[in-house]
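What follows is a short report on a single structure.
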Amino acid sequence: MEQLVDSYGRRIKSMRISVTDKCNFRCTYCMPAEGLPWLKKAEILSYEEIVRVARVAVSIGIEQIRPTGGEPLVRRDVPELVRQLRQLGGLRSLSLTTNGILLKQQAAALAEAGLTRINVSLDSLLREKFTQVARRDQLQGVLAGLEEVKKYPSIHPVKINAVAMKNFSEEEVLPFVQFARDNAFVMRWIEFMPLDADQIWRKEDILSGGEIKAIIEEAYGPLVLITTGDPSETARRYTFSDGIGEVGFINPVSEPFCASCDRIRLTADGQLRTCLFATEETDLRAVLRSDASDEDLAATIRQAVWHKELKHYIGDKRFKRASRSMSMIGG
Ligand code: SAM
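Under the working numbering, the first residue of the sequence shown is numbered 665, with each subsequent residue one higher.
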C-alpha cells in the first residue's frame with residue numbers, strides 16, 4: 665500500500681471533503697448572521713469529481729474520509745455520495761460531520777449507504793443558548809436527529825462536538841457528560857479557534873480542554889486516559905472510573921497537535937488545503953477539469969502534501985489568519 669508523506673515525515677491518512685459552503689445555521693464562531701457570498705454551482709465539484717479525487721487519494725494512502733461543509737446534508741443526495749465513497753477499496757473509515765438538523769430525515773439513508781461514523785456538532789442543550797449561538801431556534805430538531813441516529817447501530821460511534829467558549833460552556837459541561845453517558849454518545853469539546861468569519865475570536869474566549877477536564881473530575885473523580893497508540897488522534901480521550909462513557913478534548917490552541925497531524929482538506933470548490941490555517945491552496949478543480957490523467961492528479965496531491973505546513977502559529981507573533989473561514993474550508 666502506498667503512503668502519502670510530507671517533508672516532515674508525517675504520514676497523511678485522513679481527508680475531509682467539503683461538499684458545500686452553504687449552511688442552514690449561522691453559528692456565531694463560524695459564519696456571519698447574513699451568511700457569506702455562496703459559491704456558484706459551476707464552481708462546486710460534482711460528486712463525480714469528488715469521487716475521482718477520493719479514489720486517487722485512497723490509492724496513494726488516504727484511509728479515512730469525512731464529508732463535511734458548510735452543512736453537508738443541505739446538498740442533495742449526500743447518501744448517494746456516501747454510497748460511492750464506501751465502494752472505494754482501502755478506505756478504513758467513512759464519517760460525516762453535521763449539525764444534525766437534517767438527520768431525522770436522512771439517517772436511515774446514510775446508514776443504508778454505509779456511513780460508519782458520525783460527528784454531530786452541538787454547543788448547548790439549553791434552547792435559549794443554542795438559539796443564541798446557532799442563530800436558529802433548532803435545538804429540538806438536532807435532538808430529534810440524534811435520537812434517529814441511535815436507531816442505526818452500524819453508525820458508531822456517534823460523537824457530539826461542542827465548541828468550548830469561556831463564560832458560555834462551563835455550566836453545561838456536566839449536563840453534556842450526563843447526556844452523553846445516558847445515550848452512549850462520545851462527548852468532545854473543541855477549543856474555539858480563530859476561524860470565524862466575523863473575526864470575533866480572542867484568546868481570552870478560549871475555555872481550554874484542561875479547564876473542562878477539571879470541571880468533570882471535580883464531579884466524577886479522576887478520568888481514565890484511553891490510549892489507542894494512534895498518535896494522529898486529535899482528541900485526548902478519557903473514560904470514567906465506572907467505565908461508562910467517553911469524553912475527549914480537542915485542544916488545538918492550548919496543546920497543538922500539528923506534529924502528528926495526518927489531515928488534508930478538499931474545499932467544496934476543489935481546493936486542496938494541507939492545514940486548517942493554510943494561506944495557500946492547490947487547485948485540484950483545474951486539474952480535474954483539464955485532460956489530466958489520474959496519475960497527474962495523484963502527482964499534484966503528493967506534491968501539495970509534501971509542502972504541508974509545519975504547524976499553525978495560534979498565540980504566536982507569526983500567526984496569520986487562514987485564507988478562508990471555517991465554513992468555507994470544511995471543518
Ligand atoms: N455544519 C457541520 C457541523 O456543524 O458540524 C460541518 C461543518 S462545521 C464548520 C464543522 C465543525 O467546525 C463544527 O463542529 C463547528 O463547531 C466547528 N467550528 C466552526 N468554527 C469553529 C471555530 N472558530 N473554532 C472551533 N471550531 C469551529
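We treat Cβ as the ideally placed atom computed from N, Cα and C, and that holds for glycine.
In this structure E910 is in contact with I890, their Cβ atoms being roughly 7 Å apart against a cut-off of 8 Å. F840 is positioned such that its CB atom lies no closer than 8 Å to that of G873. Taking 4 residues as the shortest admissible run, the segment 788-836 contains the following complete alpha helix (DSSP H) segments, listed from N- to C-terminal end: 791-798, 803-813. For P731, the enclosing beta strand (DSSP E) begins and ends at 728-732. Judged by beta-carbon spacing, G734 lies within the 8 Å limit of S682, meaning their Cβ atoms are closer than that value. For the ligand SAM, a non-hydrogen atom lies closer than 7 Å to the CB of Y693.
The C-alpha of L952 is placed about 22 Å away from the C-alpha of E666. It is roughly 37 Å from the alpha-carbon of Y711 to the alpha-carbon of R866. L930 places its beta carbon less than 8 Å from that of M679.
The alpha-carbon of T684 is positioned some 8 Å away from that of D933.
Set against 7 Å, the gap from the CB of S678 to the closest heavy atom of the ligand SAM is not smaller.
In this structure the segment 746-759 lies against the segment 769-785, because at least three pairs of beta carbons, one per stretch, are closer than 8 Å.
With respect to the 8 Å criterion, F843 and L767 are not classified as neighbours on the basis of their beta carbons.
Secondary-structure assignment with DSSP links N783 through a beta bridge to T761, K823. Per DSSP, R739 lies in no alpha helix (DSSP H) segment and is marked neither H nor E. With a cutoff of 7 Å, D860 counts as near the ligand SAM, since its C-beta is closer than that to a heavy atom of the ligand.
Nearest Cα to Y902 within the set N831, M851, R690, Q804: M851. At least 8 Å separates the beta-carbon of P743 from that of L709. DSSP lists I824, V911 as the beta-bridge partner residues of M851. Cβ neighbours of R716 within its own chain (closer than 8 Å, five residues either side excluded): L952, D958, L961.
Under the three-state reduction of DSSP, L766 is assigned to coil, being neither helix nor strand.
The C-alpha of F689 is placed about 20 Å away from the C-alpha of V822. Assignment of D869 by DSSP, reduced to helix, strand and coil, places it in the helix class.
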